[in-house]
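Peer 1: Structure in structure tokens, see below.
Protein chains: 2
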Amino acid sequence: MAERRTAIATVCLSGTLEDKLAAASSAGFDGVEIFENDLLASRLSPAGIRRHCADLGLSIDLYQPFRDFEAVPPELLRANLRRAERKLDLMAELGTGTILVCSSVSPDAVDDDELAAEHLHALAELAAERGMRIAYEALAWGRFVNTYQRSWRIVRRAAHPALGLCLDSFHILSVGGDPAAIRTIPGEKIFFVQLADAPRLAMDVLQWSRHHRLFPGQGEFDLTAFTGHVLATGYRGPLSLEVFNDVFRQADPRLTAVDAMRSLLALRESLGLAELPEAPALHGHAFAELAAPAGEDVGKVLAGLGFTVAGHHRTKPVQLWAQNGARVLVNKTGERTAIAVDSEDPGRSARRAEAYLAQPLRRGREAVAAPDSTELFFCGGDDWLADFEPAGEAGRTAGITGIDHVALTQPFDQFEEAALFYRSVLGLRLDPVVEFAAPFGLVRSRAAAHQGVRLTLDTALVRRGEWAPAVREPQHIAFATGDAIASAKAMRALGAPLLDIPGNYYDDLEARLDLDPGLLAELRAQSVLYDRDEHGEFLHFYTELAGERVFFEVVQRIGGYRGYGVANAPIRMAAHRDRRLNGR
Amino acid sequence: MAERRTAIATVCLSGTLEDKLAAASSAGFDGVEIFENDLLASRLSPAGIRRHCADLGLSIDLYQPFRDFEAVPPELLRANLRRAERKLDLMAELGTGTILVCSSVSPDAVDDDELAAEHLHALAELAAERGMRIAYEALAWGRFVNTYQRSWRIVRRAAHPALGLCLDSFHILSVGGDPAAIRTIPGEKIFFVQLADAPRLAMDVLQWSRHHRLFPGQGEFDLTAFTGHVLATGYRGPLSLEVFNDVFRQADPRLTAVDAMRSLLALRESLGLAELPEAPALHGHAFAELAAPAGEDVGKVLAGLGFTVAGHHRTKPVQLWAQNGARVLVNKTGERTAIAVDSEDPGRSARRAEAYLAQPLRRGREAVAAPDSTELFFCGGDDWLADFEPAGEAGRTAGITGIDHVALTQPFDQFEEAALFYRSVLGLRLDPVVEFAAPFGLVRSRAAAHQGVRLTLDTALVRRGEWAPAVREPQHIAFATGDAIASAKAMRALGAPLLDIPGNYYDDLEARLDLDPGLLAELRAQSVLYDRDEHGEFLHFYTELAGERVFFEVVQRIGGYRGYGVANAPIRMAAHRDRRLNGR
């Protein structure tokens, strides 16, 4: 963040301390918080860690946590001060000047701010002797001190220059605290700031904190407002990420660290502090590209949907299939999948993506790699058609007008990163995360959309064993039509292998909804699924699988329906399973 | 359950409806509850499902759920009755006589038991016309009706012979309901009973219910008492399992169904209704067998620990290593791992295991397969030594007296099943589940112990990506010693490759605990780890890896310490990682 230092707590990352430090350095962080358990398990001595960090260009901005210190009986205070001295000695070797002290959760602590202030004053004396500082943090589940307003009262009362606050967005926002009063704290008494986002979950706040935190912009907290309050105080320390997350704990730390840095870049942009290229306006999807080694199967299905071959790539075994505004590339090398957006300024789109740490690709056109290696192209109108030798196939059509959305199956480890990536790089708006029970386990899904570009990100939430004959990493493109029933009839006439939907589904629609009997009969006859929300209705149908992984959907949005028919996804999944087991 | 019918809700199992029915039938269930979403997604018509179940020997005992019916305004009641009629028609085709109606969570419902009773009476009339019945269930999160006492008041008030109760143990026990009052309900008014266990979790009860239920005996609810109350009423219907669980939803349904049936067998035994062979007394571990294709490495480490070769298997490439009461088999074919317990009656142990649905193995000795395919042998004293040609190696020793415990890494999908298996087959007592943050992700661990046999079951809670250089499926045996420090010294003298523990760990011990400085210096010098609980102390140390997966631990229990040093496991894991990256 330009003049603002960035840091990351080692607890955010997977691996040994050395794995974590290498990842933080390589993602460009200025400093780290050393989490005590990472140090304890490290074969490097504190002095060795100091040297190693210096070699990596990392400062050590904080040592943490020190727990259950204040407001205890005298003999326990003596033991706690002894314990603290050991840790301050360690910090001297480590070369770090600030230690995080969490408000006590101990049954030995008493509810006495005066005593807490007195004890913290004694601790601050020990720190001051060594030129160090104590950053006192109110845990959301602190036994008595559980708001920053109360930790600030105690710090004021202690009135020691080596004692200040640590503010952690999770502890404040998770319990509905109002961060606005942060502005009343002098910036020089805020010794450290930790940022974490989180989804809103109805669960024990300690478990929520220890397992489900996210990087800023990935959850539902307003980190922009929080950080705005912090910066308004004149706080000059680093903005540091402290995110306890079960998935990040086991994911490649090099990827997590990049995701983390991207979250700080997006936060900075949201605060108006960015020097990033602005997101150009988009004009919908330019094309979607499928990896289809069995290209003939996919071609046959596309032909059945009313597509025709509109061109052949001049240098690669890639066919362009088109129907009005819908363009699909079928790549027979089966090496890659790609999505392409129509950007007002493809060059600026690419520069923005690279500023957001996307890896640029050499593809002749502006393109970068998304977190899951999907290739993301930025096209300007139809300029990209020049790469194709036009084919003069006759213009069949079955009513498809364009690409409605592309469903991107994400690796479990990259789900949160992908949402943040598409939001920040393309400027898409994220819908809330949806989870649903599918035949082979829970699926998590999140839509991202803006200016005619719609993506859905999907991942299997738990899938570990050998079982689960779901379609693995499906490639799924949904086309738009103005009349789903008519399109389905036309496609059947063209020989499209549309997916049969069980009659039980329609019996249930009939029982639940007051649908027009004529419409219901048409839906049933054509195997078209139905959904509605407060804005409108949704009619959609699927093809069978072409090869192992590819299928298509055709959707009709009526009157401003905003969803993606997620409630019907389990029906589709079971039908695909049935076809594979029993069909053909 | 002899004269008691067993059933399972299809929602417990993964797959399509046909996958689920096949699994339930093959595990020996008498009937099923059909979960509506499974039916909607099925290509079989209701009549087809009826025929299919009949072919599989399964009755359809319940159709479920019907939601948000009662205590609503008149026009909504009309719509709900219409909806109910469609479902009752469907049930006629399906050939099932009972439908589950959950207490309403709708914002349209009002708090009026009289009105609820009136509406349920009308619904019961519709059911009675078809010879069917309504089983009304109070959801723990029902808008107004959220206890079985209240649903029972409403059912009494409605006073219709076709209206009765469904009792679900989760909805009653999760919110601390007292099940004893169930005894006041006439058995014939209890139309259906659903059993589910769960771990105690501090979270929203609806999320808890939908994601974390377990089969009886796998969680922390007292299902024995609950079922005892139910049976005391004279209830004659099936005992049915309804378990929503994220892991079971994606696991092989054939294994889950066996696990489910085993839970009902154990429940029956706990109620004193079993005809199962009683668990014979155990006298500790007989041996543990390692799959060690690199047998030489393992042998070298065992020799360093003071073991000697005590025999060679008469027909297989298996070495017997021994030191006092500790016996380890090293199987160079690398095909199997096994554990063996010393049973008072090996034949009865095996019969009991088979009664508990364990697959018998033809191994010359009494043996069965555990859920993860570990082979479980039942030995009678030292009878099994006859399989080995004695070797006359000289009697080294380094103070090991026996096997303290064997750590069994479980497949994620079989973790709960394994705990129930060892508890029911061997009569072990289960400790609570422990979860801890290890360097490469969360680990879940649970100990099972009794009569000198101790097992720990471990699984990586989230581990999905390519990252995570943890030891995969470690084979880990812990030996007992009376003096860990002396054993460590003796083993170092014998050349054992003991795992170095970082100095930072000992600095922290020193800061935290008031340990005797002499002891601390010895621990540090010998790389011995330390733990304590309210009963005593624990000293333990590890070897480096022998090959890719095998390592050993040596433990000293002082004064009744009951744990397994879990707090130190992350230190061990990081050290193993370091040795593999940087060592040798």
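So the protein sequences, as listed, match chains A and B. Residue numbering for the first sequence follows full-length UniProt numbering, starting at 1 and increasing by one per position. Residue numbering for the second sequence follows full-length UniProt numbering, starting at 1 and increasing by one per position. Every residue gets a Cβ at the ideal spot worked out from N, C-alpha and C, and that includes glycine.
Determine, using beta carbons only, whether A/K87 comes closer than 8 Å to chain B.
Peer 2: In the first sequence, residue 87 of chain A corresponds to position 87, counting from 1. Yes, contact with chain B.
Peer 1: Under the three-state reduction of DSSP, which class applies to A/M203: helix, strand or coil?
Peer 2: Within the first sequence, residue 203 of chain A is the residue found at index 203, counting from 1. The answer is strand: DSSP assigns A/M203 an E or B state.
Peer 1: DSSP state of A/N331, grouped into three classes?
Peer 2: The residue given as residue 331 of chain A occupies position 331 in the first sequence. Strand.
Peer 1: Terminal residues of the continuous alpha helix (DSSP H) containing B/S349?
Peer 2: Position 349 of the second sequence, counting from 1, holds the residue named residue 349 of chain B. Segment P346 to A355, the alpha helix (DSSP H) holding B/S349.
Peer 1: Could you compute how far the alpha carbon of B/M1 sits from the alpha carbon of A/G334?
Peer 2: In the second sequence, counting from the first residue as 1, residue 1 of chain B sits at position 1. In the first sequence, counting from the first residue as 1, residue 334 of chain A sits at position 334. Residue placement at B/M1 is flagged as unreliable, the pLDDT there being 43, under the threshold of 50; the coordinate-derived value follows with that caveat. Between B/M1 and A/G334, the C-alpha separation is close to 54 Å.
Peer 1: Would you grab the beta carbon distance between A/T401 and A/N324 for me? Rounded to a whole angstrom, and I think it's under 8 Å.
Peer 2: Within the first sequence, residue 401 of chain A is the residue found at index 401, counting from 1. Within the first sequence, residue 324 of chain A is the residue found at index 324, counting from 1. The Cβ separation is near 5 Å, so the contact holds.
Peer 1: Take every Cβ of the segment 160-170 of chain B, pair it with every Cβ of the segment 122-135 of chain B, and state whether three or more of those distances are shorter than 8 Å.
Peer 2: yes
Peer 1: What do you reckon, are the CB atoms on A/D531 and A/F538 nearer than 8 Å?
Peer 2: Position 531 of the first sequence, counted from the first residue, corresponds to residue 531 of chain A. Position 538 of the first sequence, counted from the first residue, corresponds to residue 538 of chain A. Against a cut-off of 8 Å, the Cβ pair of A/F538 and A/D531 comes out as a contact.
Peer 1: In three-state terms, what does DSSP make of B/F377?
Peer 2: Translated into the one-based positions of the second sequence, residue 377 of chain B becomes position 377. The answer is strand: DSSP assigns B/F377 an E or B state.
Peer 1: When the distance is taken between beta carbons, is A/S103 closer than 8 Å to A/E75?
Peer 2: For the purposes of this step, residue 75 of chain A is identified with residue 75 of the first sequence, where counting begins at 1. For the purposes of this step, residue 103 of chain A is identified with residue 103 of the first sequence, where counting begins at 1. In this structure, A/S103 does not lie closer than 8 Å to A/E75 by Cβ.
Peer 1: Would you kindly work out how many angstroms separate the C-alpha atoms of B/V425 and B/F378, rounded to a whole number?
Peer 2: For the purposes of this step, residue 425 of chain B is taken as residue 425 along the second sequence, with counting starting at 1. For the purposes of this step, residue 378 of chain B is taken as residue 378 along the second sequence, with counting starting at 1. Roughly 11 Å between the two C-alpha positions.
Peer 1: For A/W141, which of helix, strand or coil comes out of DSSP?
Peer 2: For the purposes of this step, residue 141 of chain A is identified with residue 141 of the first sequence, where counting begins at 1. Residue state, collapsed to three classes: coil.
Peer 1: On the DSSP bridge list, what partners appear for A/L320?
Peer 2: Taking the first sequence and counting its residues from 1, one reaches residue 320 of chain A at position 320. Answer is A/G311 and A/L329, bridged to A/L320.
Peer 1: Under 8 Å, do B/L13 and B/P371 count as touching if we go by C-beta distance?
Peer 2: Position 13 of the second sequence holds residue 13 of chain B. Position 371 of the second sequence holds residue 371 of chain B. No, these two residues do not count as a Cβ contact at 8 Å.
Peer 1: What distance in whole Å lies between the Cβ atoms of B/A449 and B/L428, which are believed to be in contact at a cut-off of 8 Å?
Peer 2: Here residue 428 of chain B is taken as the residue at index 428 of the second sequence, counted from 1. Here residue 449 of chain B is taken as the residue at index 449 of the second sequence, counted from 1. Taking C-beta atoms under 8 Å as the contact rule, B/L428 and B/A449 qualify, at a distance of about 6 Å.
Peer 1: Using the beta-carbon count (16 or more within 10 Å), is A/P317 buried or exposed?
Peer 2: Taking the first residue of the first sequence as position 1, residue 317 of chain A is located at position 317. The residue in question, A/P317, is exposed, as its Cβ has fewer than 16 Cβ neighbours within 10 Å.
Peer 1: What alpha helix (DSSP H) runs, 4 residues minimum, are completely inside the segment 475-542 of chain A?
Peer 2: 484-493, 503-512 and 517-526
Peer 1: To the nearest angstrom, how far is the alpha carbon of B/V258 from that of B/L357?
Peer 2: Numbered from its first residue, the second sequence carries residue 258 of chain B at position 258. Numbered from its first residue, the second sequence carries residue 357 of chain B at position 357. Approximately 7 Å between the Cα atoms of the pair.
Peer 1: Under 8 Å: do the segment 437-449 of chain B and the segment 379-392 of chain B share three or more Cβ pairs, one atom per stretch?
Peer 2: A contact is defined here as three or more CB-CB pairs under 8 Å, and the segment 437-449 of chain B fails this definition with respect to the segment 379-392 of chain B.
Peer 1: Going by C-alpha distance, which of B/K332, B/I185 and B/D61 is nearest B/T315?
Peer 2: For the purposes of this step, residue 315 of chain B is taken as the residue at position 315 of the second sequence. It is B/K332 whose Cα lies nearest to the Cα of B/T315.
Peer 1: What are the residues that DSSP puts in a beta bridge with A/D168?
Peer 2: By 1-based counting over the first sequence, the position of residue 168 of chain A is 168. Paired residues: A/Q194.
Peer 1: Please determine whether the Cβ atom of A/L376 lies at a distance below 7 Å from any heavy atom of the ligand PLP.
Peer 2: For the structure depicted, the ligand PLP is absent and the ligand set is empty, with no information on it obtainable.
Peer 1: First and last residue of the beta strand (DSSP E) that includes A/H405?
Peer 2: Reading the first sequence from its first residue, position 405 is the one you call residue 405 of chain A. Start and end: I400 to T409.
Peer 1: Tell me whether the beta-carbon of B/P280 lies closer than 8 Å to the beta-carbon of B/A355.
Peer 2: Taking the second sequence and counting its residues from 1, the one referred to as residue 280 of chain B is at position 280. Taking the second sequence and counting its residues from 1, the one referred to as residue 355 of chain B is at position 355. Contact flag unset, no.
Peer 1: Who are the neighbours of B/A442 on chain A, taking C-beta pairs under 7 Å?
Peer 2: For this step, residue 442 of chain B is matched to residue 442 along the second sequence. Note on residue identity: the sequence assigns Leu, not Ala, to residue 442 of chain B. Under the 7 Å cutoff, chain A gives D246 and R249.
Peer 1: Do the CB positions of B/F192 and B/A260 come within less than 8 Å of each other?
Peer 2: Taking the first residue of the second sequence as 1, we reach residue 192 of chain B at position 192. Taking the first residue of the second sequence as 1, we reach residue 260 of chain B at position 260. No; because the gap between Cβ atoms is not below 8 Å, this pair is not in contact.
Peer 1: Pairing CB atoms from the segment 346-354 of chain A with CB atoms from the segment 297-312 of chain A, are three or more of them under 8 Å?
Peer 2: Not touching, per the Cβ criterion.
Peer 1: Helix, strand or coil, according to DSSP, for B/R557 in the structure here?
Peer 2: Taking the second sequence and counting its residues from 1, one reaches residue 557 of chain B at position 557. It is a strand residue.
Peer 1: Could you check how far apart the C-beta atoms of A/E417 and A/L255 are, in whole angstroms? I think they sit under 8 Å.
Peer 2: In the first sequence, the residue the question calls residue 417 of chain A occupies position 417. In the first sequence, the residue the question calls residue 255 of chain A occupies position 255. Confirmed, Cβ separation roughly 7 Å.
Peer 1: Tell me whether A/F244 sits in a helix, a strand or coil according to DSSP, three-state version.
Peer 2: Residue numbering aside, residue 244 of chain A sits at position 244 when the first sequence is read from its first letter. If DSSP states are grouped into helix, strand and coil, A/F244 belongs with coil.
Peer 1: To which residues does DSSP link B/A47 through a beta bridge?
Peer 2: Stepping through the second sequence from its first residue, residue 47 of chain B is reached at position 47. BP columns for B/A47 are empty, so no partner.
Peer 1: If you reduce the DSSP assignment to three classes, tell me which class A/Y564 lands in.
Peer 2: Stepping through the first sequence from its first residue, residue 564 of chain A is reached at position 564. A/Y564: coil per DSSP, three-state reduction.
Peer 1: Between the segment 559-574 of chain A and chain B, which residues of the former have CB atoms less than 7 Å from a CB of the latter, in chain order?
Peer 2: P570, I571 and A574
Peer 1: List the residues of chain A that B/E510 touches, going by C-beta distances under 9 Å, in chain order.
Peer 2: Within the second sequence, numbered from 1, the residue matching residue 510 of chain B stands at position 510. Going along chain A in sequence order, the residues near B/E510 (Cβ under 9 Å) are R86.
Peer 1: Return the chain-ordered list of same chain residues with a C-beta closer than 7 Å to the C-beta of A/L115, the five sequence neighbours on each side being excluded.
Peer 2: Position 115 of the first sequence, counting from 1, holds the residue named residue 115 of chain A. For A/L115, where only same-chain residues beyond five positions count, the Cβ hits under 7 Å are A71.
Peer 1: Using 10 angstroms around the beta-carbon of B/A251, count the other beta-carbons present and answer buried if the total reaches 16, otherwise exposed.
Peer 2: Taking the second sequence and counting its residues from 1, one reaches residue 251 of chain B at position 251. By the 10 Å Cβ count, B/A251 comes out buried.
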